[in-house]
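> I have a structure here, written as structure tokens, and I will follow up with some questions on it.
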Amino acid sequence: MDFTPPPIEDGYAAEKLFNSGFSYTYDDLIFLPHYIDFAADAVDLSSRLSRNIPLSTPFVASPMDTVSESAMASAMAALGGIAIIHPNTTPSRQAAFIRAAKSRRVPILSDPVFFSPSDVIDSEEDFAASPFILVTESGHSKGKFLGFVSKTNYLNQNDKGARVSDYMEPPPAALPWSSDLARIEEELENKKENVVALVKDDEVVDLVSKEEVDRVRGYPKLASGGSVGADGEWLVGAAIGTREQDKERLEHLVKAGVNAVVLDSSQGNSIYQLEMIKYVKKVYPELDVIGGNVVTMYQADNLIQAGVDGLRVGMGSGSICTTQEVCAVGRGQGTAVYKVSSIAYKSGVPVIADGGISNSGHIVKALSLGASTVMMGSFLAGSIEAPGAYVYQNGQRVKKYRGMGSLEAMTQGSDQRYLGDTAKLKIAQGVVGAVKDKGSVLKFVPYTMQAVRQGFQDIGANSLQSAHDLLRSRVLRLEVRTGAAQVEGGIHGLVSYEKKYY
Ligand SMILES: NC(=O)C1=CN([C@@H]2O[C@H](COP(=O)(O)OP(=O)(O)OC[C@H]3O[C@@H](n4cnc5c(N)ncnc54)[C@H](O)[C@@H]3O)[C@@H](O)[C@H]2O)C=CC1
Ligand SMILES: O=c1[nH]c(=O)c2[nH+]cn([C@@H]3O[C@H](COP(=O)(O)O)[C@@H](O)[C@H]3O)c2[nH]1
Ligand SMILES: [K+]
């Protein structure tokens with residue numbers, strides 16, 4: 001008999017841990033630290049959203065109507081990430097969000113509104129999210145630029161029934177649409193003006209105020225030129241469904257210059273999606289198509305065979321998701337990301353870890369388990385760039401955040417997907433809620449990135465590729481945390497505390 005004890009293992013390699021029959025999520029897992037021979041600042045987090053879309057920041061804003069419209073798209077692109085514009089609206093409005101985001105290269109908070117000179121402003125609401133109303137001969141973006149009305153100007157106007165031409169201000173100095181913040185600042189300074197117009201192909205696309213320039217200047221300096229395509233415009237993605245009418249929607253999006261399209265389903269391994277992938281690849285061979293959602297290797301393999309350029313992973317892991325409860329289907333997000341990535345990388349298909357991200361540690365885990373990017377809803381929904389206004393709830397400033405499968409969101413737009421030809425009964429797979437005010441993504445995303453770099457440094461990965469190499473060569477070691485270990489890993493035993501990350 002051989003009484004030599006088996007070797008003591010210092011943590012498990014991922015493949016051993018994830019073959020144990022458990023569905024693990026991020027909080028169940030912990031990485032063992034490795035060896036550091038580089039500075040945290042040296043960690044390179046550049047990645048790919050899909051086969052042909054490089055990103056310098058591996059962050060993606062979710063296609064949800066309380067997360068991604070034009071302001072989020074320009075801010076995420078400015079940060080080196082990308083937003084996927086939600087489809088819970090008409091095709092032309094979804095396309096307009098893409099156009100608005102792509103028509104400038106500064107992450108200002110604006111969605112331009114156009115009036116004709118004879119129009120009358122009914123109320124402050126006509127300004128929507130923009131501080132200005134632009135007046136053109138036609139009342140649309142195409143047309144001679146005649147002047148503008150600022151919200152302050154309107155509020156100070158005694159005769160609210162007056163036509164805008166009676167009190168609008170004349171067009172300010174103009175700059176090309178692609179001007180950066182420094183160029184705009186210089187022009188404002190030189191002309192001693194408070195506002196400058198951005199023009200593209202002889203059309204006014206937006207106005208930028210000194211106030212907006214100062215606001216953006218107050219955030220951490222943007223590290224790169226952002227996510228920019230070959231045409232010099234920011235990269236913007238958009239989501240569509242898998243119904244016949246989504247083909248027409250896609251045509252609108254392509255005309256607006258969309259850079260990648262996400263097929264938005266909770267269970268992506270369907271005949272509907274396989275057919276849509278083939279259709280998109282045939283009609284728009286240059287366009288990257290991202291399939292999903294999937295959580296198993298089997299599902300992923302089917303979509304890869306059909307030709308996807310990217311995979312979105314997660315079923316029921318989102319903060320507003322009730323899918324696992326309602327349908328009893330899904331997977332712990334840590335396991336899902338690891339399993340799908342372990343097959344997708346062999347075909348060079350990047351994986352988006354979608355849902356369940358609530359802190360920087362979750363991002364480190366998702367990326368180190370094989371994902372190329374993380375997609376976030378709740379993490380971004382409390383920002384000023386997310387659609388909707390802040391309200392007070394129990395003394396806290398919050399913004400609405402809702403699932404796209406919640407009854408409220410379904411009634412708003414995605415009704416047809418549920419009440420298709422046969423389904424008569426509507427079953428919600430998501431809830432409506434609220435998230436805390438987090439300020440601008442231009443501030444908290446750079447801090448989150450830095451925290452992620454520190455996590456990478458601890459595991460000895462100086463890039464995303466290096467983290468994936470450590471994972472696959474079994475150098476990366478991890479363990480499952482018991483309930484008590486999770487309590488220990490959190491804040492505990494204090495009478496009170498204040499949690500501040502930066
Ligand atoms: N990631 C997640 O865990 C989940 C996400 N969601 C989100 O909610 C939204 C809706 O998701 P789903 O309900 O999965 O939308 P979906 O549009 O993919 O599916 C809705 C229903 O329509 C059917 N369908 C789709 N295409 C069809 C076609 N061409 N012909 C006939 N029937 C067709 C589907 O089989 C399904 O029964 C999405 O934004 C999704 O991201 C919802 C649930 C879970
Ligand atoms: O079960 C669901 N019912 C819904 O109504 C719903 N809406 C969004 N999603 C998914 O959740 C992701 C965002 O999750 P987080 O807030 O955790 O980032 C998103 O990116 C989606 O994958 C839903 N899942
Ligand atoms: K959930």
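For the record, in the sequence shown the residue sitting at position 166 is 166 according to the UniProt record's numbering, with numbers rising by one throughout. Every residue, glycine too, gets a C-beta built ideally from N, C-alpha and C.
So is proline 87 buried or exposed if we call it buried at 16+ other beta carbons inside 10 Å?
buried
> Does the distance between the C-beta of serine 317 and the nearest non-hydrogen atom of ligand 3 fall short of 7 Å?
yes
> When you compare only the Cα positions, how much space is there between valine 391 and alanine 434?
Those two C-alpha atoms are separated by around 10 Å.
> Between which two residues does the alpha helix (DSSP H) containing glutamine 454 stretch?
Segment 441-458, the alpha helix (DSSP H) holding glutamine 454.
> Within 7 Å: the Cβ of threonine 323 and any heavy atom of ligand 1?
With a cutoff of 7 Å, threonine 323 counts as near ligand 1, since its C-beta is closer than that to a heavy atom of the ligand.
> Could you please give me the residues that DSSP links to glutamine 393 through a beta bridge?
Gln396
> To test your reading of the DSSP string, which unbroken beta strand (DSSP E) runs of 3 or more residues are found completely within the stretch 175-228?
195-200, 203-209
> Is there contact here, the stretch 474-484 with the stretch 27-40, by at least three beta-carbon pairs under 8 Å?
yes
> Alpha carbon to alpha carbon, how far is aspartate 111 from serine 92?
15 Å
> Are threonine 373 and leucine 49 closer than 8 Å when you measure CB to CB?
yes
> Apply the 10 Å Cβ neighbour rule to glycine 371 and answer buried if 16 or more other Cβ atoms are within range, or exposed otherwise.
In the sequence as displayed, the identity of residue 371 is alanine instead of glycine. So alanine 371 ends up on the buried side.
> For methionine 404, name the three-state secondary structure that DSSP assigns.
coil
> Following the continuous alpha helix (DSSP H) through glutamate 488, name the residue where it begins and the one where it ends.
483-489
> Are isoleucine 36 and glutamine 450 closer than 8 Å when you measure CB to CB?
no
> I'd like to confirm something about arginine 402: is its beta-carbon nearer than 7 Å to some heavy atom of ligand 1, or not?
No - ligand 1 has no heavy atom lying nearer than 7 Å to the Cβ of arginine 402.
> Determine the extent of the alpha helix (DSSP H) in which valine 326 is found, giving its start and end residues.
323-327
> Curious, which full-length beta strand (DSSP E) runs of at least 3 residues does the stretch 70-100 contain?
82-85
> Could you tell me whether the stretch 181-196 touches the stretch 239-252, using the rule of 3 or more Cβ pairs below 8 Å?
no
> For the stretch 230-270, which segments carrying the alpha helix (DSSP H) assignment without a break, of at least 4 residues, lie completely within its bounds, in sequence order?
Within the stretch 230-270, the complete alpha helix (DSSP H) runs of at least 4 residues are 246-255.
> Just checking asparagine 293 against ligand 2 - is the residue's beta carbon closer than 7 Å to any of the ligand's heavy atoms?
yes
> Just to check, is the beta-carbon of glycine 356 closer than 7 Å to a non-hydrogen atom of ligand 2?
yes
> Alpha carbon to alpha carbon, how far is valine 236 from residue 506? Give it in angstroms, no decimals.
Coverage of the chain is limited to positions 1 through 502, which leaves residue 506 absent and any answer about it impossible.
> At a threshold of 7 Å, does glycine 310 count as lining ligand 1 (C-beta to nearest heavy atom)?
no
> Leaving aside the five residues before and after threonine 335 along the sequence, list all residues of the same chain whose C-beta is less than 6 Å from its C-beta, in chain order.
The beta carbon of threonine 335 lies closer than 6 Å to those of Phe18, Ser23, Tyr24 in the same chain, with the five residues before and after it left out.
> By the 10 Å Cβ neighbour count, where 16 or more other Cβ atoms means buried, how is lysine 339 classified, buried or exposed?
Looking at its Cβ environment, which holds 16 or more other Cβ atoms inside 10 Å, lysine 339 is buried.
> Applying the criterion that 16 or more other CB atoms from any shown protein chain within 10 Å of the CB defines a buried residue, is tyrosine 447 buried or exposed?
exposed
> Would you give the residue range spanned by the beta strand (DSSP E) that glycine 310 belongs to?
310-313
> Is isoleucine 85 near ligand 2, going by C-beta to nearest heavy atom under 7 Å?
no
> Are proline 107 and serine 165 close, meaning C-beta to C-beta below 8 Å?
no
> Using only the heavy atoms of ligand 2, determine whether one of them is closer than 7 Å to the beta carbon of glutamine 273.
no
> Only counting the same chain, and skipping five residues up and downstream in sequence, which positions put a Cβ closer than 8 Å to that of histidine 252?
Pro91, Ser92, Gln94, Ala95
> So the candidates are Ala61, Glu69, Thr66; which of them puts its Cα closest to the Cα of glycine 81?
Nearest option by C-alpha distance: Ala61.
> Hey, is methionine 375 close to ligand 2, as in C-beta under 7 Å from one of its heavy atoms?
yes
> Return the first residue and the last residue of the alpha helix (DSSP H) that alanine 467 is part of.
464-472
> When the Cα atoms are used, what is the spatial distance from glutamate 360 to tyrosine 272?
One detail in the question is off: residue 360 reads as serine in this sequence, not glutamate. Their backbone Cα atoms lie some 35 Å apart in a straight line.
> Can you look up asparagine 158 in the DSSP assignment and give me helix, strand or coil?
coil
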